[in-house]
Amino acid sequence: MAIGARRLGIRDLKNGQQPYFNERKDIVVVFNGEIYNDTQLRSWLELRGHCIDSDSDGSILPNLYEERGADLFEDLDGMFAIAIWDIKKKILLLGVDLVGIKPLY
1 MAIGARRLGI RDLKNGQQPY FNERKDIVVV FNGEIYNDTQ LRSWLELRGH CIDSDSDGSI
61 LPNLYEERGA DLFEDLDGMF AIAIWDIKKK ILLLGVDLVG IKPLY
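Residue numbers (UniProt numbering): 1 to 105.
Structure follows, in structure tokens:
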């Protein structure tokens, strides 16, 4: 399996490299867009013991998927296109914001 994305870096230019991984490196995420409530979600994830090594808004996504599964999209406020590869479960999850501002193809 291979997934990829080309990032237009706006936040955390130095550390916001993709793909993003969870701590065990078994969840891989590529992302385009902006998550408006990433600060609140990051705080919630850190309270649950996750260590997120980038200030990029997309860096929360692997850990959010780990906690919420496919329901993570219910928690996101923003415009986005996301591809998540769960290596253990062999699941590819694709999602966009409700309006579909960011394309996914």
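Each residue gets a CB set at the ideal place from its N, CA and C atoms; glycine is no exception.
Remember, it's a predicted structure, so these values are computed and weren't measured experimentally.
(message) Tell me the rounded alpha-carbon separation between residue 26 and residue 51.
(response) 15 Å
(request) Output yes or no for whether 8 Å exceeds the beta carbon distance between residue 91 and residue 31. (result) Taking 8 Å as the Cβ cut-off, residue 91 and residue 31 do not qualify as a contacting pair.
(request) Starting from the Cα of residue 70, find the closest Cα among 95, 37, 88, 23 and give me that residue. (result) 95
(request) Starting from residue 94, follow the beta strand (DSSP E) in both directions and report where the run begins and ends. (result) 91–96
(message) Taking 8 Å as the threshold (C-beta atoms), are residue 61 and residue 45 in contact?
(response) no
(request) Pick out whichever of 47, 68, 40, 85 has its Cα sitting closest to the Cα of residue 21. (result) 85
(request) Counting only the same chain and skipping the five closest in sequence on each side, list residues whose C-beta sits under 6 Å from that of residue 101. (result) 79
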